[in-house]
Every structure is written in structure tokens, then in C-alpha cells.
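Student:
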Amino acid sequence: MNHRDEALETIQREMTAFARRARAAAAHLHPELSLVSYTLLSHLETRQGMRATDLAAHYLLDKSTISRQIGALERSGLIERRTAEDDHRVHVLHLTAGGKQALDEATEVRRAAYRERLGDWDEADLDRFAGYLLRYNGADGN
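Right under this line is the structure:
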């Protein structure tokens, strides 16, 4: 195995460990929010609302999968559908006040966990790590 393949193996192994830790930690974010729910609420807040079909496309999810997630968030009172201003046939998903509060609470718990885990990293390391994650995930504003 060459050096590049060894590095790729390490990346794959560490990304898997990262994902497992993220899923395990998600249970402690907020009693009402799964990792998926947190992610959807966060994206809806960032975009200031979004159609369900666009949300499904962004996360590469089947419409039925996103529909179940949205249904659960609506039943929990965390999101609501509003008619789009420019097309009254279209419904846009928005956070409710309760959804915003739950997201804010979960975000603070998450932020505190990252502060603790990365507390001994200097700013240059944090900036590089953030940049690499953005690059890896193909950050393009979506």
C-alpha cells in the first residue's frame, strides 16, 4: 500500500469514528431532537425557511424519508408550514418559536462539547480543520 492509500485508509477510519461519536453525542443535545432533527432545524434556520422538496434534495434524501421527518417535527411543534409569498400554491417550512428555542438549546450544548474537545487546539489549528471540513464537504453555500 502506498502512502496516499494509507492516508486515505486513515481518513476513512477516522471519519467513521467521527460519525459514530456524533451519533452517540446527539442523544445528549436535546431531549426532543435527534441528530437528523437537529440538522434539519439548523438548515431551515440558516435558509430562513425552505420547501420540503428542496430540503430532500439538499440532503439527498427520498421524499418519503423527509416527509416522515417533517411530520415528526410538525407534530412536536418545532416547525410549521407557511404559504410562500410569491406563490400561494407552495408551502415553505419554518421554525416555530419552540423550534428556535430547542435548536438554540441544542446548539449551545453542542458548542460546549466542541469547546471542551478542541479546547487545547490553537486558533490556527481550528481554522485549518474548519477549512479542511468545508473543502471536504464541498461547501458551496447550500
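The opening residue of the sequence shown carries number 1 in full-length UniProt numbering; numbering runs sequentially from there.
Note that CB positions come from ideal geometry on N, CA and C, so glycine has one too.
Remember, predicted model here, so these are calculated numbers, not experimental data.
1. By the DSSP assignment, the alpha helix (DSSP H) with residue 43 in it spans what residues?
2. Mapping DSSP to helix, strand and coil, what is residue 81?
3. Short of 8 Å in beta carbon distance, which residues of its chain neighbour residue 22, apart from the five on each side in sequence? Order them along the chain.
4. Assess contact between the region 90–104 and the region 42–52, defined as three or more Cβ pairs (one per stretch) separated by less than 8 Å. Is contact present?
5. Put residue 126 into one of helix, strand or coil per three-state DSSP.
6. Assuming contact is defined by CB atoms lying nearer than 8 Å, are residue 73 and residue 40 in contact in what I supplied?
7. Leaving aside the five residues before and after residue 44 along the sequence, list all residues of the same chain whose C-beta is less than 7 Å from its C-beta, in chain order.
8. Of all the options 76, 126, 69, 67, which has the alpha carbon lying nearest to the alpha carbon of residue 100?
9. Rounded to the nearest angstrom, what separates residue 67 and residue 97 at their Cα positions?
Tutor: The short version:
1. For this step, residue 43 is matched to residue 43 along the sequence shown. Taken as a continuous stretch (DSSP letters only), the alpha helix (DSSP H) holding residue 43 covers 35–47.
2. Reading the sequence shown from its first residue, position 81 is the one you call residue 81. It is a strand residue.
3. One-based indexing of the sequence shown puts residue 22 at position 22. Once the five neighbours on either side are set aside, the close Cβ partners of residue 22 are 35.
4. yes
5. Your numbering for residue 126 matches position 126 in the sequence shown. Helix at residue 126.
6. On the sequence shown, residue 73 is found 73 positions in, with the first residue counted as 1. On the sequence shown, residue 40 is found 40 positions in, with the first residue counted as 1. Contact flag set, yes.
7. The sequence position of residue 44 within the sequence shown is 44, counting from 1. Excluding positions up to five away in sequence, the list reads 50, 79, 93, 94, 95.
8. Here residue 100 is taken as the residue at index 100 of the sequence shown, counted from 1. Residue 100 has its Cα closest to that of 76, out of 76, 126, 69, 67.
9. Mapped onto the sequence shown, residue 67 falls at position 67. Mapped onto the sequence shown, residue 97 falls at position 97. Cα-Cα distance, rounded: 21 Å.
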